[in-house]
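Colleague: Counting in my numbering, the sequence shown runs without a single skipped number right up to 240 at its last residue.
Here a beta-carbon is modelled for each residue, glycine too, at the ideal position from N, C-alpha and C.
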Amino acid sequence: MAIVAGMPHGGMDNPGVSRRTVMPAASALAALGPVLCMHRPGHGNELVGWSRAVHTESRVRMDSEDVIESLHFFDAAGGCCWRLYLLPDSDFLAWDRLQSRLPGCCDSEPRSGIADRLWQRLAGTLRGGAWQLSAVRLHALREGARVCMAASATSLSLPGIDRVRRIACIENVGPNHLPALGGFPSHMPA
Numbered sequence: 051m052a053i054v055a056g057m058p059h060g061g062m063d064n065p066g067v068s069r070r071t072v073m074p075a076a077s078a079l080a081a082l083g084p085v086l087c088m089h090r091p092g093h094g095n096e097l098v099g100w101s102r103a104v105h106t107e108s109r110v111r112m113d114s115e116d117v118i119e120s121l122h123f124f125d126a127a128g129g130c131c132w133r134l135y136l137l138p139d140s141d142f143l144a145w146d147r148l149q150s151r152l153p154g155c156c157d158s159e160p161r162s163g164i165a166d167r168l169w170q171r172l173a174g175t176l177r178g179g180a181w182q183l184s185a186v187r188l189h190a191l192r193e194g195a196r197v198c199m200a201a202s203a204t205s206l207s208l209p210g211i212d213r214v215r216r217i218a219c220i221e222n223v224g225p226n227h228l229p230a231l232g233g234f235p236s237h238m239p240a
């Protein structure tokens with residue numbers, strides 16, 4: 051657990067913060083168990099996005115193959131700076147409790163073809179919009195009045211690994227930004 055970040059501005063662990071800014075408590079995130087963390091590779095470790103976040107929304111994406119549930123964290127400028135994805139290895143009850151307290155929306159299947167998705171990936175990479183994936187277990191730490199979060203790498207079940215590959219495909223994350231999953235190399239054929 052070498053990666054540690056302080057509580058972001060606006061967290062529910064801070065009773066003086068307005069409820070218009072919705073941020074889950076570090077303890078609620080730690081209760082999720084193994085999750086897939088999507089973060090910007092140029093911004094440091096997996097938790098930098100969490101430390102910059104001031105608002106969180108729950109997302110459910112449905113397509114012809116699957117339902118993908120995620121939490122999107124936004125910085126003060128309104129940009130998405132961090133995401134967490136529900137995995138088969140995650141604690142579904144903790145996820146539901148957390149999700150029920152957050153604003154959310156549902157995304158339906160995209161209408162774009164492969165050429166559009168490839169163009170979006172290239173455009174995102176050129177403007178620095180690339181994401182990196184990490185399978186992590188989050189830990190809430192309290193140092194006096196300060197709440198911190200730590201992340202440790204975690205192994206995943208085979209269904210968890212399959213879900214990570216599916217999310218990487220949906221989110222246009224290239225193979226260089228995939229984690230090593232449960233001891234299996236990220237380039238392992240499906």
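Would you tell me roughly how many angstroms separate the C-alpha atoms of Gly154 and Asp141, rounded to the nearest one?
Modeller: 19 Å
Colleague: I'd like the span of the alpha helix (DSSP H) that includes Pro84, first residue to last.
Modeller: Counting along the chain, Pro84 falls outside any alpha helix (DSSP H), though it belongs to the beta strand (DSSP E) covering 84-89.
Colleague: Below 8 Å between beta carbons: does that hold for Leu206 and Ala185?
Modeller: yes
Colleague: Leaving out five residues before and five after Arg177 in sequence, what residues of the same chain have Cβ atoms less than 7 Å from its Cβ?
Modeller: At Arg177 the pLDDT is 49, less than 50, meaning the model places this residue with poor confidence and gives no usable figure here.
Colleague: For Ser77 and Val197, what's the separation of their Cα atoms in angstroms?
Modeller: 9 Å
Colleague: Can you tell which of His105, Arg111, Leu137 has the C-alpha that lies nearest to the C-alpha of Ala127?
Modeller: His105
Colleague: On the criterion of 16 or more Cβ atoms from any shown chain inside 10 Å, does Glu159 qualify as buried, or is it exposed?
Modeller: Only weak support is given to the placement of Glu159: the predicted model assigns it a pLDDT of 48, under 50, and the value that follows is read from those uncertain coordinates. Answer is exposed; the Cβ neighbour count stays below 16.
Colleague: Tell me, to the nearest whole angstrom, how far the beta carbon of Ser150 is from that of Arg133; I am working on the premise that it is less than 8 Å.
Modeller: Actually they are not in contact, since the Cβ atoms of Ser150 and Arg133 sit about 19 Å apart, beyond 8 Å.
Colleague: Restricting to Cα atoms, I'd like to know which of Arg90, Arg102, Trp181 is closest to Met199.
Modeller: Arg102
Colleague: Met112 to Val214, Cα distance in whole Å?
Modeller: 16 Å
Colleague: May I ask you to check if the CB of Arg151 is nearer than 7 Å to at least one heavy atom of the ligand ZN?
Modeller: Because no ligand of any kind appears in the structure shown, any question about the ligand ZN cannot be addressed here.
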